[in-house]
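In our numbering, the protein residues as written are 3 to 421.
Note that the Cβ used here is the ideal one computed from N, Cα and C, for glycine as well.
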RNA sequence: GUGGCUGUAGCUCAGUUGGUUAGAGCGUCUGGUUGUGGCCCAGAAGGUCGCCGGUUCAAGUCCGGUCAGUCACCCCA
């Protein structure tokens, strides 16, 4: 508990774990680009209303999880709790022509004031995509297919795609009504949370984790059956699209996602290697009115938790090993040689020879410098001592084979190229 | 926000029913004759036992509080 420790739910990311993060980012760029998505970077904080209007003021995220503060000008700002709102704001600001599609992906830190647990942090990272401007169910299918493609490329096997539909806003009343009718008589048998939910949030009663409630929820009317024909048709065509694209999925009739803006398709990808927080990614279709734009836009998107992707990979034994800190290590014996070593290191870096080059500046004993070279995984050690400097030579040692040659300085570049 | 478990060297952990100068392994540093790594050997450095308070002649060991970590709940990525 020193001031040097990062705040609860935040952490420093060092090598070698950092290489896994870079791998994730590069894979995201590579795969999403193939689907013609472009990277977008939006600010990490926004005016609070950007999130409130997008997520809905009644959602848990807005009610109790936002990191909000007033800046010096008295504006109420918030550290982004998710990526979609900022992306929508950016698209609105730039403008979207009639019929134009915006396909973007992003990744970066998100912030929620929650109690940390396995796979849940206060500063966590998401990689997400948004495709705005298409109201085709095929788009939903392709988006989900892209997500499974991404997971496959990362080596994350054993995940499960769950999909459901929330229908259109105009279907909601009928669904809520039917659910209330079903649950009301069973109220005494339900948990406290669900008793409260009956009026506030009936839909959530469907996926309560309490075993007793779960049993009762099994008998509840299915959302899908209660939706309008238009909504049912949209869902069916999304499923057809998934089949067309060869995506394995499961219909989860009781899955309800927490964010209010979703319409039609909602989906989630779960993985068994994650602990209690088993959602790897989640998303869905939304309808949104961009501020300053009278037209209504539809979009589909998802966000995947980067920490959770990494956890899933870890559970499959996929974390990458430690990289060597150094490729070429220059040992210098004596103060005069240190200057020569530094000069040689600079020369190699300018020429791009020797990979990661490190000159030992300590003037310690040779044994000590060799130990360091070995510990850092150096493949090549170049030795500069009094003899070498006097004769314009350099001792070149291959640490893997143990072979060592004494070369004239002018031959060093060629020797390095051959290693 | 609520609850369970945990908190001793850089890391992983020992530390018996409270009893002298708190230990191990790994890692680090320096040596094992003049300029050579990995193996081996020797030595060294490194800890206010998370913090505060209490009980006691005596607390790393017991009690309370607090902070932190971890897992779970709510919810989500």
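Residue 405 sits in coil when the DSSP states are folded into three classes, being neither helix nor strand. For residue 376, the uninterrupted alpha helix (DSSP H) run begins and ends at 368 to 377, by DSSP. Just measuring C-alpha positions, the residue of 402, 388, 397, 53 sitting nearest residue 376 is 402. Of the other Cβ atoms in all chains shown, 16 or more fall within 10 Å of the Cβ of residue 271; this residue is therefore buried. Relative to the Cα of residue 301, the nearest Cα in the group 103, 213, 356 belongs to 103. Annotation for residue 421: 381, 382, 400 place their beta carbon closer than 8 Å to its own, counting only its chain and skipping 5 residues before and after. As the crow flies, the alpha-carbon of residue 253 is around 56 Å from that of residue 355. By the Cβ neighbour-count rule, residue 73 is exposed, with fewer than 16 other Cβ atoms within 10 Å of its own. Straight across, the Cα-Cα distance linking residue 42 with residue 350 is about 37 Å. Assignment of beta strand (DSSP E) within the stretch 329 to 373, counting only whole runs of 3 or more residues, yields 330 to 334, 359 to 361 in chain order.
Residue pairing for residue 270: DSSP places it in a beta bridge opposite 164, 284. Take the alpha-carbon of residue 82 and the one of residue 149: they are about 23 Å apart. Inter-residue distance for residue 186 and residue 235 is about 30 Å (C-alpha atoms, whole angstroms). Below 8 Å, too few C-beta pairs join the stretch 167 to 185 and the stretch 333 to 340 to call them touching: fewer than three.
The stretch 76 to 91 and the stretch 43 to 63 touch, with no fewer than 3 CB-CB distances between them shorter than 8 Å. When only Cα atoms are considered, residue 279 and residue 97 end up about 37 Å apart. Residue 310 is classed as buried because its beta carbon has at least 16 other beta carbons within 10 Å across all chains shown. If you look at residue 258, you'll find it isn't in any beta strand (DSSP E); DSSP assigns it neither H nor E. For residue 310, the enclosing alpha helix (DSSP H) stretches over residues 308 to 317. Straight-line spacing of the CA atoms in residue 243 and residue 237 works out to 10 Å. In the DSSP secondary-structure assignment, residue 298 is bridged to 291. Only residues of its own chain outside the window of five on either side were considered, and among them 166, 224, 225, 226 have a CB closer than 7 Å to the CB of residue 255, listed in chain order. An exposed status is given to residue 368, since fewer than 16 other beta-carbon atoms sit within 10 Å of its beta-carbon.
Across the structure, residue 192 and residue 214 are spaced so that their CA atoms are roughly 7 Å apart.
Under the three-state reduction of DSSP, residue 94 is assigned to helix. In this structure, residue 37 sits away from residue 106, with a CB-CB distance that is not shorter than 8 Å. Taking a 10 Å sphere around the C-beta of residue 34, we find 16 or more other C-beta atoms and assign the residue as buried.
Secondary structure of residue 252 (DSSP, three-state): strand. Exposure of residue 416 is indicated by the presence of fewer than 16 other C-beta atoms within 10 angstroms of its C-beta. Burial of residue 130 is indicated by the presence of at least 16 other C-beta atoms within 10 angstroms of its C-beta. If the five residues before and after residue 188 are omitted, its C-beta is found closer than 7 Å to the C-beta atoms of 218, all from its own chain and listed in chain order.
Residue pairing by DSSP places residue 88 opposite no residue, since no beta bridge is assigned to it.
In the three-state reduction of the DSSP assignment, residue 105 falls in the strand class, which pools E and B. By the neighbour-count criterion, in which 16 or more other beta carbons inside 10 Å mark a residue as buried, residue 267 falls on the buried side. In this structure, 44 is the residue among 143, 44, 122 with its C-alpha nearest to the C-alpha of residue 94. Cβ contact annotation for residue 206 (same chain, cutoff 7 Å, sequence separation greater than five): 199, 258, in chain order.
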